[in-house]
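Here the structure comes first, spelled out in C-alpha cells, and everything after it is commentary.
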Amino acid sequence: MSPATAKMVNGEAAAEKSRRWQKLIRPELNTILFLILSFVISSFLTPYFTDIEFLLNSTSLYVEFGLIALVLTLVMIAGEIDLSVAASMTFVACVTAQLFHHGVRMEWALVIGIVFGAILGAINGLLVTKTGLTSLIVTIGTMALYRGLAQVLIGDNSLGNFPDWFVGIDKRYIFDVIPVPFLLFIVMAVVMEAILRLTFFGRQIYAIGTNSEAAKYSAVNTNKVKMILFTLVGLVAGIAGILSMSRLEIARYNIGLGGELDIITIVLLGGTSINGGSGSITGTFMSFFILMILRTGMLLANVKRFDQLAIIGAVLIFAMIVSNLLNSFTASKG
Amino acid sequence: MPEKVPVIRTLDISKSFSGINVLNKISFEVYPGEVHALIGENGAGKSTLVKIICGVYQPSAGEIYVDEKKVSVSSPIVARDLGIALIHQEPLSFPDLDIAENIFIGHTRVKNKQSIFVDWHGKYQEARQLLDSLGVKLDVKAKLRGLSVADQQMVEIASALSQNARVIFMDEPTAALTPDEVGKLLDIIRLLKHQGKAIIYISHRLDEIKEISDRVTILRDGEKIGTYKTKDINRDQMIEKMIGRTIKELIPKEPAKIAAQPYLVVKNIAIEGVFKDISFELREGEILGIAGLVGAGRTEVARALFGITPIEKGEIFIRGKKVTIKSPLDAIKYKMALVPEDRQGLGLLLPWSISNNISFSSPNRITSMLGWLKFKEEQLIADNYIHNLRIITRNSRQPVQELSGGNQQKVSLAKWLLTEPKILILDEPTRGIDVGAKTEIYKIINRLAAEGKCIIMISSELPEILTLSDRVLVMYEGTMTALLEREEISEQKVMAAASGQKL
Amino acid sequence: GKSATKEPNQQPNASSSQSGSAQKQIKVVYIPISTGIPYFNPIIEGFKKASQELGFEFTMTAPDQADPTSQIPYIKAQIQRGVDVIAISPNSSDALISVLKEARDKGIKIITVNDDIKGNEKYREASIIGTNYDELARQMTIKFAEFLKYKGKFAILSSTTDAPFQNNSIKITKEVLQDPKYKDMQLVEIAYGNDEPQKSLTEAEALLQKYPDLAGILSPTSVGIVAAAQAVENAGVQNKVVAYGNGTPNQLKTFIKKGVIPGAMLWDTYRIGYVAGYFAYNLVKGEAKGEEGFKFKVPKYGDVEVGKFGTIYAGPPLVFDKSNVDQYDF
Amino acid sequence: MGKAMLKTPDPLSTTAGTSYDASKITRLFLLRELGVIVIILLIYATVSAIQPRFFSIESLVNILLFFPFLLVVALGEMMVIISRNLDLSVGSIVGFAAIAVGQIYVNYPGFPIPLAFIAGTLIGAVLGAINGVIVTKFNLPSVIVTLGTMNIYRGLLFILCKGQQIDNRFIPQALVALSQTKHSVFYIPWIVIFAFIIALLVSVFLRRTHIGREIYAIGSNPNAAGLRGINVKLIVFLIFVISGGLSGFAGIIYMSRFGYVNPTMTGMGLEFTAIAATVIGGTSMAGGNGNTTGTVLGCILLGVIHNALPTLGISGFWQEATYGLIIIVAIIIDRLIQVRLYQAMKRKVSL
Ligand SMILES: Nc1ncnc2c1ncn2[C@@H]1O[C@H](COP(=O)(O)OP(=O)(O)OP(=O)(O)O)[C@@H](O)[C@H]1O
Ligand SMILES: Nc1ncnc2c1ncn2[C@@H]1O[C@H](COP(=O)(O)OP(=O)(O)OP(=O)(O)O)[C@@H](O)[C@H]1O
Ligand SMILES: [Mg+2]
Ligand SMILES: [Mg+2]
C-alpha cells in the first residue's frame, strides 16, 4: 500500500466527520433556525402563546394548505409547479356540496369529489405532458378555469346543511388533544417522506428535477411520473377541499382564494428549489409549523397585518443569511 | 531553456477537498514558446492543478508566479486579465447563445473597452475565421443547443484562441475529436508556439503528447513524479511513471464465439435530415465499430436505436422479430443499453452520489418486492464497481460532480453494465480515460463479447476501432459509406470511407 | 352574564398580571373586512373615541385580504385572548358561523358592524350598520333617475357577484324601477369589477364602448364609482353619461368639483364605530341587549333604537354634492 | 454545468438534438412570436365579429391603456427570469414607489411630474438594489429573498402611509392626463408611449450590449458564466436594480392611470401577472432565453383578453372560467402553430 493511499484513508475519516457535521447543518438548517426564532418571537410577543392545546387547535386552520404543500413539494422537486391547487380544492368542495344537495348520499358525494380532484390534477398533467407547455402557464390557466367553473356551478350561494357526522372535523380529537386534521397531516407527511426517500419512484422524481434529459436517457418515463404527481396533487387538493367543507360547514366558490401563494411559500421556505432537483418533506413539514406559529403568535399579539408581513419577511431572510454563514463557516473548516 | 524567464511557475501548490489531499506540493514552470504536457491517470490532479492556476479553485497552500511575479489568482477574471486562457475539460457552453457569442462572451468587453455595444458584424466575421482555421463547419449564428460534445469542444477551443492569451491551458481538448481534427488543432498549437505563447497540454493520448510537446510533467496521486524532455522519454516509460507499472496499451481482440444467427438486424433506418439508409446485422458475441468524422451522425444513430429520437423509416429486428422502439423504456425491455457520449449532460446526475447514479437504471436490482429501496444492496453494488473499474473516489457516497472526468466516465459505464444488457451501445466509451483504465475497458468489452453480448462501439479513436471491431460501419454526413468485415478492416479504408468515399 | 366570568384557558401569569386591578377592564376588538380600505378608518376612529370616553380597551386587527375565510384565524386568536366583545364586519355571512359559535360558547359577545351575517342573525347579539341600506338604495336610485331625467340606458357597476350589500342594493334598484315613472329607463347590464381598480376601470370603459348611447352608470361600491368617474372623464363624456353611487367624499371630491359626477351617497361611517362602541360597552355591562325596541343613549346622537332582527341603524343616509362635499373628511 | 445545459423546457429543442443553420434559427425566432400574434388577431377578430364595437379606435386605446403598467414591470421581470432568477417583490415595489411619491404629493403638491417619475424609479431601484445585495452577497436563492422582501416592502409601505389611501385629490391632474386620450398623440396616451420607449431601450440593451448578452449567458449556464470571466454577481445585482427601477417607474404609471394609490391594492398580485405575460411571450423559466417582442406581445394578449371579456358581455359568473379557458386554448394553439411550422421547416430543409 503506497503512502498516498494511506493518506487517503485517514483523510477520509476526517472528511466523514466534517460531512456528518454538514449533514447536520446543511439542508434544513434555515428552516430549523426559523422555527426556533418564530417560537421565541411568538412567546416573547404574547403570554397567550404557550398554550399547546390552542396551538394544536390552530393547525386545523392551515392544515388544508399544509396537506397540499406536502404533495406540491414532490411536484416542485420534479421541476414543475401547480398554481391551480387552491382552485381545485374549492372546485372539489363545490362539486361535492352540489352533489349532496342534489340528493347524492354524502358518502358517495365525498368519494366522487375526491376522484374529481384527481381528474382535475390529471387534466393539468395531460396539458403539461402532452403539449409540452410550461406547467406555470398551464396552471395559471386552469387556476382561473377551475375557480371560474366553481363559481358557475354554485354562483354566489353558499351550500351547507351537511350531515352532522360530516361537519366539524377540526373539533374531533384523537386522545382528546390531537385534532383529526392534524393527525392527517402527520400521516400524509410520513407517507410522502417514505415515497420520496425510500422508493425508487422518489428517486425518479429527484432525477427529473435534476436533469430531465439525463433521466430520460436513464429510461425514466418522465411523462408518466409527472402525470402521477399532478394527479396526486389534485387528489390531495380534493381531500383538502372536503376538509375545508367539514371545518367551515359550507362550500363556496371563493374559499381559499389566493391560497396557492401561501402553499408555495410553505414549500419554498422548506428549502425546495423552484428549479427542481432538491427539497424535502421534512423541510415542508417544518416550514408549515413555522408559518403557523409565527402567524398565530402575531395574531394573538394583535400585531397589525402588515407589520406581520414585514416581520415574516425579515425573519425569513435573516434565518437564511445566518444559516448560509454557518454553512460556509463549517465548509471552510472542513 | 534556462535563459528564459518562465511565464508561469508554481511553487509547492497543494490542494485538498474536504480534508482529502488531491495535490501535494506541485512545482513546475512553463516557458514562452513551450508546449508543456501534463499527464497522469484519471484523478491524478491534472485538472485541479490547472484550475488553480486559472483561478477556478484556490490552492490550500503554495504560490503562483507569472513572469516571476507572485500573483494571487482569485478568480477566472483575474486569470483572464493576466493573459491566461483555459480550455476546460468539460466544455463551458451556453446553449441559448449562438456560436459566435459562445466564443466571445466574457472577454470581448475587455478587448473593446471603448464601446458597451456589441459589434455583431465584426464578431461574426472573426468567429467564422477562427472556426475556419480550426477546420470546423459550423454556422456561427446558430444556437449552440444540441451541438455534439466534439463541436462544443471546438467552440471552446476557438474561444480560448480568440482571447489572444499568452498562456493557454488545454485540458483534454482532443478527447472528443477525430484524428483529422486533432491534426488541425496540433497545427494551430505549433503556430501558437511559434508566436511565443506557452501551451499547457493535457491529454491521455500519448501519441499526441509525443508529437507536440517539448516537455512533459507527470503526476500520480497528486504527487509530481517528474518533468522530462519529451524526446528523452518513451511511451512505455511515460505509462510506467503514470501508473506505476507497465501495461500493454492496446490489448488484442479476443475472438469471441460468434453465433450463427444475427441477433439484431437494422434495415434502412432513417430520420429525415439526420441520417438515412443505415443497415447492419449484429450477432451475439460480435463487436460493431462505428467510425466517422465528428458530426457524421453516429451519435444520432445510437440515439435512434435507443428510442430517444425514434426512427422515422426502416425496421429493426431483434431475434428475427420486428420491434418498435419509441423510448428508452422500450429499449431497456429489449435489454439494450446506451452509454452516451455526453456524460455530464446525459449520462449522469451530477449532484447525485456514485452509488445512486450506478443503480439508477436498474431499479429491479435495488428494490424489494414491495418497492422499497435496498440501500445496503445498492452500496454493495457500487463498491463492487468502484473496485472493479478502479474508480478513484473517497467512497460511493461522493457526488459524481466531484470526480475527475475519467472517473465520471467509469461511473456512467458502470451504470449501464449493471442493467446487464444484451445489446450494449457505447458512444465514445474511452473519452477522457487514461491508458490504464482504457485497457480495463477494452478487457470489459472483450469479456462482454465473450459472454455473448452484442456490442456497438462508436469511437473517434481509430486504433480502438481497428483492433476491437469484428465489423466496422463507417458514416459520412448521415449516410453509411462502408460496412467492413473483419478481414477488410484497415486504417486506409476506414479513413477513406469516413471522408465520403463510398466503398 | 354568567359565562362572561369564565376565563377561557389563560396562562396563569397572564391573568395574574391583570388581576392587579380589582375589576377587569372590558376588552373590545374590531375586525374590519381587511386592512387598507380607507372606508373603515372613520369606523375605527369612532370606536376609539367611544373607548376613550367609556374607558374600555379597544383593539383593531384585520387580515390583508377580504376572502370569506381570512377572518377566521383572527377570530380564533381573539377567543384565545379572551376578549369580551368581537365586533366584526363579516366577509361572509356563513363561512364564519362555525368559529362565531365557538366564540359564543366561550361567552364572548358578537356584534356585526357595517354589514350583517344575513340568515344567520342568531349567531350575533346585534348588528350596527351605517344607515337603513334599503332606504339608501331606494333614495340613490331615485336621485340617479332624476339626474338621468327619467330616460335612457344605464348600467350598474358592482363589486363581486357574491357581495350581499351590492346584490341587495341592485335588487332594490330594480324594485324601484318597477314604477311606471321610470319606464323609459333601461338597465342594460350589470358589470362586476371585483373591487379591483384595474378590473373596475376596464369594465367601466367597456360599458362606455359597448353602449355609445349609455346615459348613466350606477355604482353602489366605492371602488366602482371611482372607476366609473375615471372612465367618464377619460372618455370626456361627462355631459352625456351620469355616474352616481356610493363612495367616500375624499375619494370623490375632485370628480365632484370638476363636475365629472354630480355627487354621491353614503352614511356617516364615524358614527357607526362610535355607536357600536357604546353598544358593545353596554352589552358587556349587561345593560344593553339586541332586542327589537331596546333603546340606548349615545352622546351627541341621542337615543338609538334597536330594530328588527337586532339591527341598529347608526344614522340617516348622507347625500353629498358640490355644495357640501368639503364638509366631510373621510 | 450539465444540468444547466440540459434544462430543456422547450420540447422543440429536444426534438431537435442537432443544430441548424442561422437563417432557419432567425426564422424560427420570428415564428415563435407569430403564434402569439395569430392568437391576438384571432381573439380580436372573433370578438369584433360578435361585438363590432370592439373593432374601434377607442377599444384599441383601451387595450393599449391596459398594459403599459404591466409591460414596464414585465420587462424588468423578463430580464430577471432570463438570468435564471425570479423577482417576486415587483408588486410590492410598485406599491411602495407609488405610495412614497404619493406622500410627496400629499406634502408638496407642486412636485414636478418628471421628478415624480425619476423619484419613483430611484426608489424602486433602491429597493431592487436591496434585493440584489441580499441575493448576491449571501448567495441566496432569489425566489426566497424576494418572497421575503415582497412582504417586507408591503409592510413598510403600510407604515409609510399609516395604512391610508392616497386619494385622487392629491394626485396632480397633469399626471393623470398622461394616461388620458384627450391629451395624447394620435389617440395614443403618453404612458403607452413611455412604455414602448422603455421596451425599445430594454430591447437594445439586451440585444446590442455586452452586459445584455451576458445576462443571457448567466441564465443559460450560471457556473460556466463565472468561469468564463463574467462578473455574475455584479450583473445579477444590476438586473435586480433595473427590475426594481422599472417597477418604481410603473408605480408612477399606476398613479397616472388610476389617480389614487391604495396601500393594499396597488401592485398586489402583480408579480404573477407579470411572470405570466413574460412566459406567454416565450421566455423560459429556466433562463437563458426570452425577448422584448415576446413580452410586449404577451402583455398585449393579456390586454386583449381582459378587454374582450367585458365587451362580449359575458356574465360575471362566467368571466373567470372563460378567462382561464381562453388562456389555455391560446397557449395550446400557440404551441401547435410553433410545432407545425417547425416541422414544415424541417421537411423543407432536408429536401
Ligand atoms: N470539487 C471537488 N470536490 C472534491 N473532490 C474533488 C473536486 N474536484 C476534484 N476532486 C478530486 O480531486 C482528484 C483530482 O481530480 P482532477 O479532476 O484534477 O483529475 P484529473 O487528473 O484531471 O483526472 P482526469 O484525467 O480523469 O480528468 C480526484 O480524485 C477528484 O475526485
Ligand atoms: N440535419 C442536420 N443539419 C445540420 N447539421 C446536422 C444535421 N444533422 C446532424 N448535424 C450535425 O451532426 C452533429 C450531430 O451528429 P452526431 O452527434 O450524431 O455526430 P457524431 O458522428 O456522433 O459526431 P461526434 O463525434 O461529435 O459525436 C451535429 O453537431 C450537427 O452539426
Ligand atoms: Mg481532468
Ligand atoms: Mg458522437
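Chains as they are written, first to last, in our numbering: chain A, 1 to 334; chain B, 335 to 837; chain C, 838 to 1167; chain D, 1168 to 1518.
Where a beta carbon is used, it is the ideal one built from N, C-alpha and C, also for glycine.
(request) Can you check DSSP and say which residues form a bridge with C788(B)? (result) I757(B)
(request) Report the residues of the region 183-210 of chain A with a CB closer than 7 Å to any CB of chain B, ordered along the chain. (result) L198, T199, F200, R203, A207 and T210
(message) Counting only beta-carbon separations shorter than 8 Å, does P1034(C) have a partner in chain D?
(response) yes
(message) For chain B, check one thing: does any of its Cβ atoms lie closer than 8 Å to the Cβ of G277(A)?
(response) yes
(message) Does the distance between the C-beta of S738(B) and the nearest non-hydrogen atom of ligand 3 fall short of 7 Å?
(response) Taking 7 Å as the cut-off, one finds at least one heavy atom of ligand 3 near enough to the beta carbon of S738(B).
(message) Please report the distance separating the alpha-carbon of N124(A) from that of D262(A).
(response) Cα to Cα, N124(A) sits roughly 20 Å from D262(A).
(request) Check each candidate in V1428(D), I1378(D) and Y1320(D) and name the one with the smallest Cα separation from G1291(D). (result) Y1320(D)
(request) Please confirm whether any heavy atom of ligand 3 lies closer than 7 Å to the CB of Q423(B). (result) yes
(request) Please confirm if the region 451-460 of chain B is in contact with the region 1384-1394 of chain D, defined as three or more CB-CB distances below 8 Å between the two stretches. (result) Counting Cβ pairs under 8 Å, fewer than three are found: no touch.
(message) In the DSSP assignment, the alpha helix (DSSP H) including D548(B) goes from what residue to what residue?
(response) Counting along the chain, D548(B) falls outside any alpha helix (DSSP H), and DSSP gives it neither H nor E.
(message) With a threshold of 8 Å between beta carbons, is G168(A) in contact with chain C?
(response) yes
(request) With distances taken Cα to Cα, identify the nearest neighbour of V866(C) among F877(C), K1126(C), V1060(C) and V920(C). (result) V920(C)
(message) Using only the alpha-carbon positions, how far apart do I174(A) and M670(B) sit?
(response) For I174(A) and M670(B), the distance between alpha carbons rounds to 53 Å.
(request) Look up A194(A) in the DSSP assignment and say whether it is helix, strand or coil. (result) Of the three classes helix, strand and coil, the one that applies to A194(A) here is helix, per DSSP.
(message) Based on DSSP bridge pairs, tell me the residues matched to K861(C).
(response) Answer by DSSP bridge pairing: none, since K861(C) is not bridged.
(message) According to DSSP, is M897(C) part of a helix, a strand, or is it coil?
(response) strand
(request) Grab the span of the beta strand (DSSP E) containing L672(B) for me, first residue to last. (result) In this chain, the beta strand (DSSP E) harbouring L672(B) covers M670 to V673.
(message) So, at 6 Å on beta carbons, what are the nonlocal neighbours of M829(B) in its own chain, with the 5 sequence-adjacent residues on each side left out?
(response) none
(message) Going by C-alpha to C-alpha distance, which of P1153(C), V1162(C) and T1148(C) sits closest to K955(C)?
(response) T1148(C)
(request) Name, going along the chain, the residues of the region 1401-1424 of chain D whose beta-carbon falls closer than 9 Å to a beta-carbon of chain C. (result) Y1421 and R1424
(request) Ignoring anything shorter than 4 residues or poking outside the region 482-563 of chain B, list the alpha helix (DSSP H) runs there in chain order. (result) 483-496, 513-528 and 540-546
(request) Measure from the C-beta of K959(C) to each C-beta in chain A and report whether the shortest distance is under 8 Å. (result) no
(request) Give the DSSP-derived three-state secondary structure of H455(B) in the structure shown. (result) helix
(request) Give the secondary structure of Y1354(D) by DSSP, where H, G and I count as helix, E and B as strand, and everything else as coil. (result) coil
(message) Please identify, using Cβ separations under 8 Å, the residues of the region 675-706 of chain B that lie next to chain A, in order along the chain.
(response) Interface annotation for the region 675-706 of chain B against chain A: G679, L680, G681, L682, L683, L684, P685, W686, N690, F694, S695, P697, I700, T701, G705 and W706, criterion Cβ-Cβ distance under 8 Å.
(request) Output the distance between the C-alpha atoms of A1151(C) and A1000(C), rounded to the nearest integer angstrom. (result) 21 Å
(request) Please look up how many angstroms separate the CB atoms of L1231(D) and V1463(D), rounded, as I've assumed it's under 8 Å. (result) Not really, about 11 Å apart at Cβ, beyond 8 Å.
(request) Between the Cα of I1495(D) and those of L1468(D), I1409(D), F1484(D) and K1329(D), spot the shortest distance and give me the residue it belongs to. (result) L1468(D)
(message) Can you find the residues in the same chain that come closer than 8 Å, C-beta to C-beta, to S408(B), ignoring five residues on each side of it along the sequence?
(response) Closer than 8 Å at the Cβ level, and outside the excluded window around S408(B), lie G389 and Q392.
(request) Answer with yes or no whether the minimum CB distance from S158(A) to chain C is below 8 Å. (result) yes
(message) I need the straight-line Cα distance from L890(B) to G1299(D), nearest angstrom please.
(response) Absent from the structure is residue 890(B), since the part of chain B shown begins at 335 and ends at 837.
(request) Give the interface partners of L752(B) over in chain A, defined as CB-CB distance under 8 Å, in chain order. (result) The premise fails here: L752(B) is roughly 11 Å from chain A at the closest Cβ pair, so nothing lies under 8 Å.
(request) Assign L1367(D) to one of three DSSP states: helix, strand, or coil. (result) helix
(message) In whole angstroms, give me the CA-to-CA distance for T1058(C) and Y1029(C).
(response) Distance between the alpha carbons of T1058(C) and Y1029(C) is about 10 Å.
(message) In whole angstroms, give me the CA-to-CA distance for G1262(D) and A492(B).
(response) 48 Å
(request) Please confirm whether any heavy atom of ligand 1 lies closer than 7 Å to the CB of S1168(C). (result) Given a span of 838 to 1167 for chain C in the structure shown, any question on residue 1168(C) remains unanswerable.
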